[in-house]
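Enquirer:
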Amino acid sequence: DSGVTQTPKHLITATGQRVTLRCSPRSGDLSVYWYQQSLDQGLQFLIQYYNGEERAKGNILERFSAQQFPDLHSELNLSSLELGDSALYFCASSVGFPVSSGANVLTFGAGSRLTVL
Amino acid sequence: DAKTTQPPSMDCAEGRAANLPCNHSTISGNEYVYWYRQIHSQGPQYIIHGLKNNETNEMASLIITEDRKSSTLILPHATLRDTAVYYCIALTGGTSYGKLTFGQGTILTVHP
Chain A
41 DSGVTQTPKH LITATGQRVT LRCSPRSGDL SVYWYQQSLD QGLQFLIQYY
91 NGEERAKGNI LERFSAQQFP DLHSELNLSS LELGDSALYF CASSVGFPVS
141 SGANVLTFGA GSRLTVL
Chain B
528 DAKTTQPPSM DCAEGRAANL PCNHSTISGN EYVYWYRQIH SQGPQYIIHG
578 LKNNETNEMA SLIITEDRKS STLILPHATL RDTAVYYCIA LTGGTSYGKL
628 TFGQGTILTV HP
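Keeping their order, the protein sequence lines are chains A and B.
At the far end of the first sequence sits residue 157, using this note's numbering, and the numbering has no gaps.
At the far end of the second sequence sits residue 639, using this note's numbering, and the numbering has no gaps.
(1) Quick check on the burial criterion: 16 or more other C-beta atoms within 10 angstroms. Buried or exposed for Gly632 (chain B)?
(2) Taking Cβ positions, are Leu550 (chain B) and Lys596 (chain B) nearer each other than 8 Å?
(3) Does the distance from the CB of Gln108 (chain A) to the CB of Val72 (chain A) come in under 8 Å?
(4) I'd like the list of long-range same chain contacts for Asn91 (chain A), defined as Cβ closer than 7 Å, with 5 residues on each side in sequence excluded.
(5) Kindly confirm or deny that the region 50-62 of chain A and the region 117-129 of chain A touch, where touching means at least three C-beta pairs closer than 8 Å.
(6) In chain order, what residues of the region 72-98 of chain A put their CB closer than 7 Å to some CB of chain B?
(7) Leaving out five residues on either side along the sequence, give the residues of the same chain with a beta carbon under 6 Å from the beta carbon of Met537 (chain B).
(8) Is Gly570 (chain B) close to chain A, meaning its C-beta is less than 8 Å from at least one C-beta of that chain?
(9) Specify, as a first and last residue, the run of the beta strand (DSSP E) that Ser71 (chain A) falls within.
(10) Between which two residues does the beta strand (DSSP E) harbouring Val59 (chain A) extend?
(11) Ser42 (chain A) versus chain B: which residues are under 7 Å apart at the beta carbon?
(12) If you count every other CB in all the chains shown that lies within 10 Å of the CB of His576 (chain B), and 16 or more means buried, which is it?
(13) When the distance is taken between beta carbons, is Leu600 (chain B) closer than 8 Å to Ala617 (chain B)?
(14) For Leu112 (chain A), does the three-state DSSP call read helix, strand or coil?
(15) Would you say the region 601-612 of chain B touches the region 552-559 of chain B, given that touching needs at least three Cβ pairs under 8 Å?
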């Protein structure tokens, strides 16, 4: 158990639907990161939050949105789902110090497997 | 963040040392080298990181060349459970808030 909790573990839904993936970071971690891993692609960075604020954005589609709540858990919302959105979605957390030095180790959750039929 | 280059695949016999190379010739002075691995469909797992000095922990050793242009991850006694994709990532500490950009990595297969 990495300490990063993701729910649900598996989700099957239909095209056009909307789903929400949830992530609880490790205790003490302020940063949350979302990654997507499709069968034919590697790990793609989607978005990062630090202490409730968006800090970095990757290749996240406009149909996707995320937020980090005051209790530091995060949700990734995927809407108007398409077949190509079927993937593993990983959440990671880190302390995420906003300083000019120091390493920053990410701890990943077990992922949420989304299947769009 | 500096680009890293890794061989696409490597094999290793169980019980032997696995030496995984990584080239990061454009690395800057404040960029750390991180290694993560992903065992089939599981979440990536942190292994080790370093800046200038060689590092060792309970999982592996990291050897960084003096010019910092390359590094080697060493799994001293590989087991079948070490079969995974290994990612080498160069990342500036702190200011970017630490998002990792994963490349294709090296598929390490440990054989009995």
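The beta-carbon is built from N, C-alpha and C at its ideal position, and this holds for glycine as well.
Expert: In short, the structure shows the following:
(1) For the purposes of this step, residue 632 (chain B) is identified with residue 105 of the second sequence, where counting begins at 1. Flag for Gly632 (chain B) reads buried.
(2) Counting from 1 along the second sequence, the entry for residue 550 (chain B) is found at position 23. Counting from 1 along the second sequence, the entry for residue 596 (chain B) is found at position 69. According to the sequence displayed, residue 550 (chain B) carries Asn and not Leu. Pairing Asn550 (chain B) with Lys596 (chain B) gives a Cβ-Cβ distance under 8 Å.
(3) Walking along the first sequence from the start, residue 108 (chain A) turns up at place 68. Walking along the first sequence from the start, residue 72 (chain A) turns up at place 32. Taking 8 Å as the Cβ cut-off, Gln108 (chain A) and Val72 (chain A) qualify as a contacting pair.
(4) Residue 91 (chain A) sits at position 51 when you count from the first residue of the first sequence. Taken in chain order, the residues that qualify are Leu70.
(5) Contact between the region 50-62 of chain A and the region 117-129 of chain A is present, because at least three Cβ pairs lie under 8 Å.
(6) Considering only beta carbons, the part of the region 72-98 of chain A lying closer than 7 Å to chain B consists of Tyr73, Gly82, Leu83, Phe85, Gln88, Tyr90, Arg95, Ala96, in chain order.
(7) Here residue 537 (chain B) is taken as the residue at index 10 of the second sequence, counted from 1. Cβ within range, chain order: Thr633, Leu635.
(8) What you label residue 570 (chain B) is simply residue 43 of the second sequence in a count that begins at 1. The C-beta of Gly570 (chain B) comes closer than 8 Å to at least one C-beta of chain A.
(9) In the first sequence, the residue the question calls residue 71 (chain A) occupies position 31. In the DSSP annotation of this structure, the continuous segment of the beta strand (DSSP E) that includes Ser71 (chain A) starts and ends at 71-77.
(10) Mapped onto the first sequence, residue 59 (chain A) falls at position 19. From DSSP, the beta strand (DSSP E) with Val59 (chain A) extends over 59-64.
(11) As a first step, residue 42 (chain A) must be located in the first sequence, where it is residue number 2. Going along chain B in sequence order, the residues near Ser42 (chain A) (Cβ under 7 Å) are Gly570.
(12) Mapped onto the second sequence, residue 576 (chain B) falls at position 49. Flag for His576 (chain B) reads buried.
(13) In the second sequence, the residue the question calls residue 617 (chain B) occupies position 90. In the second sequence, the residue the question calls residue 600 (chain B) occupies position 73. Going by C-beta atoms, Ala617 (chain B) is not nearer than 8 Å to Leu600 (chain B).
(14) Here residue 112 (chain A) refers to the residue found at position 72 of the first sequence. Residue state for Leu112 (chain A) is assigned as coil, using DSSP reduced to three classes.
(15) Not touching, per the Cβ criterion.
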